[in-house]
Amino acid sequence: MIIVNNLSISFGKKKVLNNLHFHVQQGEIFGFLGPSGAGKTTTIKILTNQLIPTKGSIQVNASTSQIGILSDNSGVYERLTVWRNLQFFAELHNSQENVEQILKKVKLWDDKDKKVKDLSKGMHQRLLLACAIVHKPKLLFLDEPTASLDPATVEAIHDLLLELKNEGTTIFLTTHNMEEASKLCDHIAFLNKGKIVELATILELKLKYALNKVRITFNDNTTLEVAKDKKELIKALQKTNASIISIHSLEPTLADIFLQLTGRNLK
C-alpha cells in the first residue's frame, strides 16, 4: 500500500527525516513509533501530500478520495450537532449513505443530536474518527488517536480499528502507547532522530531482544531467574525442594527495546 525509499526532508539546516526506507502492506496496521520530535507527524504529512520531501521517493497506492486522516489538526464544528458534522464530511466525499452506520459504529448514534461543544473528550475524539472514516477509506492515517483518553474510550477505539482492519482498511498508526502498539500492530518501525532504527513484527522484536534468562516460579511463592542454559537450569532446580508452578522467558516490552536501541524513552 505504501512504499518509501530514501526519504529525507530538511527545514533549513535541520534534517528532520534521514533516508527512511519502509513498506506498508495492504490490510495491515503499521505502527510508527518514536519520541516527540522524532519526525512521525512530518512523515504523515509527506505521505498525505501536505509536505514535499527534500529527496527520496514515495508511492501511496490510494487516491486522495480513498484516504482518511485523524491528526491533532483535525477539527469539527463546535456549534453543530454530531449528526450535522458527520453529514457535512460525508457530503464532501459523496458518502451520505454511511452516516447512520458510522455513528452506530463509533457508538454516537444515541448522541447524534448533541452539539459538539457539549461532548466529552472521548466522544469528541470518536466523532473525529467517524469523520475520518465516513467514506470508508482504503488507507487511514492516525496520529496518536487515543492520547489522553480514558481506558473505556481507548478500548472502544481499539475494537473499531481492528474491525476496520478486518474489513480491509490499511492503517498507519503513530502512538506513544506501547500497550496499544502491541495489541494492534502487525509491524513496528522505531523512529529516532529522523532515522528508522528497527523495523519488524512484534514477535520478531521480542525474540531478537529477549533477555537470555528465564524466570521460574515455585509453589512456595519464591521466584528464580537463571540463564537459558540446560546445565544452569538443572543446577538451580537441585537447590530447592519446591515444586515448579511456571517457567517464563523474560521478554522485553516495546518501550524496553526502544530504550535499548536509543537510550531514550518513547515519551
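Take the sequence shown: its position 126, counted from the start at 1, is 1019 in this note's numbering, and no numbers get skipped.
Glycine included, C-beta positions come from ideal geometry on N, C-alpha and C.
Per DSSP, what kind of secondary structure is residue i in: helix, strand or coil?
| i | result |
| --- | --- |
| residue 1135 | coil |
| residue 953 | strand |
| residue 1036 | strand |
| residue 1069 | coil |
| residue 1048 | helix |
| residue 1129 | helix |
| residue 1015 | helix |
| residue 901 | strand |
| residue 937 | helix |
| residue 991 | helix |
| residue 1155 | helix |
Could you name the residues of the same chain whose beta carbon sits closer than 7 Å to that of residue i, not counting the 5 residues immediately before and after it, in chain order?
| i | result |
| --- | --- |
| residue 974 | 1005, 1006, 1007 and 1008 |
| residue 1090 | 1083, 1154 and 1155 |
| residue 1015 | 1042, 1043 and 1046 |
| residue 1121 | 1105, 1106 and 1107 |
| residue 921 | 1063, 1079 and 1080 |
| residue 1113 | 1135 |
Grab me the residues of residue i's own chain with a C-beta within less than 6 Å of its C-beta, minus the 5 sequence neighbours each way, in chain order.
| i | result |
| --- | --- |
| residue 1098 | 1150 |
| residue 960 | 1030 and 1032 |
| residue 989 | 983 |
| residue 896 | 916 and 952 |
Under the assumption that residue i contacts residue j (Cβ atoms under 8 Å), give the Cβ distance between them as a whole number of angstroms.
| i | j | result |
| --- | --- | --- |
| residue 1024 | residue 1070 | With 8 Å as the limit, residue 1024 and residue 1070 do not qualify as a contact, their Cβ atoms being about 22 Å apart. |
| residue 1064 | residue 1035 | 6 Å |
| residue 1041 | residue 1147 | Contact doesn't hold; Cβ gap of about 20 Å is too wide. |
| residue 1027 | residue 1080 | With a Cβ gap of about 27 Å, residue 1027 and residue 1080 do not count as contacting. |
| residue 910 | residue 999 | Actually they do not touch by this definition, with Cβ atoms about 32 Å apart. |
| residue 1144 | residue 1103 | 5 Å |
| residue 1096 | residue 1078 | Actually they do not touch by this definition, with Cβ atoms about 11 Å apart. |
Can you name the residues that DSSP bridges to residue i?
| i | result |
| --- | --- |
| residue 924 | 1066 and 1081 |
| residue 1091 | 1083 |
| residue 1054 | Residue 1054 pairs with nothing; no bridge assigned. |
| residue 1120 | 1106 |
| residue 1142 | 1107 |
| residue 960 | 1032 |
| residue 997 | According to DSSP, residue 997 bridges with nothing at all. |
For residue i, I'd like the list of residues in its chain whose CB is within less than 8 Å of its CB, leaving aside the five on either flank, ordered along the chain.
| i | result |
| --- | --- |
| residue 996 | 975, 976, 979, 1002, 1005 and 1023 |
| residue 1085 | 927, 928, 931, 1151, 1154, 1155 and 1157 |
| residue 1017 | 969 and 1009 |
For residue i, is the beta carbon positioned less than 8 Å from some heavy atom of the ligand FAD?
| i | result |
| --- | --- |
| residue 1025 | Only the bare structure without any ligand can be found here, which leaves the ligand FAD out of the picture. |
Cβ contact check for the region 894-914 and the region 949-963: 3 or more pairs under 8 Å: Yes, since at least three Cβ pairs between the region 894-914 and the region 949-963 fall closer than 8 Å, the two stretches touch.
Three CB pairs or more closer than 8 Å across the region 1046-1059 and the region 903-910: With a cut-off of 8 Å on Cβ pairs, the region 1046-1059 is not in contact with the region 903-910, counting fewer than three such pairs.
The region 1100-1115 touching the region 1126-1137, judged by at least three CB pairs closer than 8 Å: Judged by Cβ distances under 8 Å, the region 1100-1115 makes contact with the region 1126-1137, as three or more pairs qualify.
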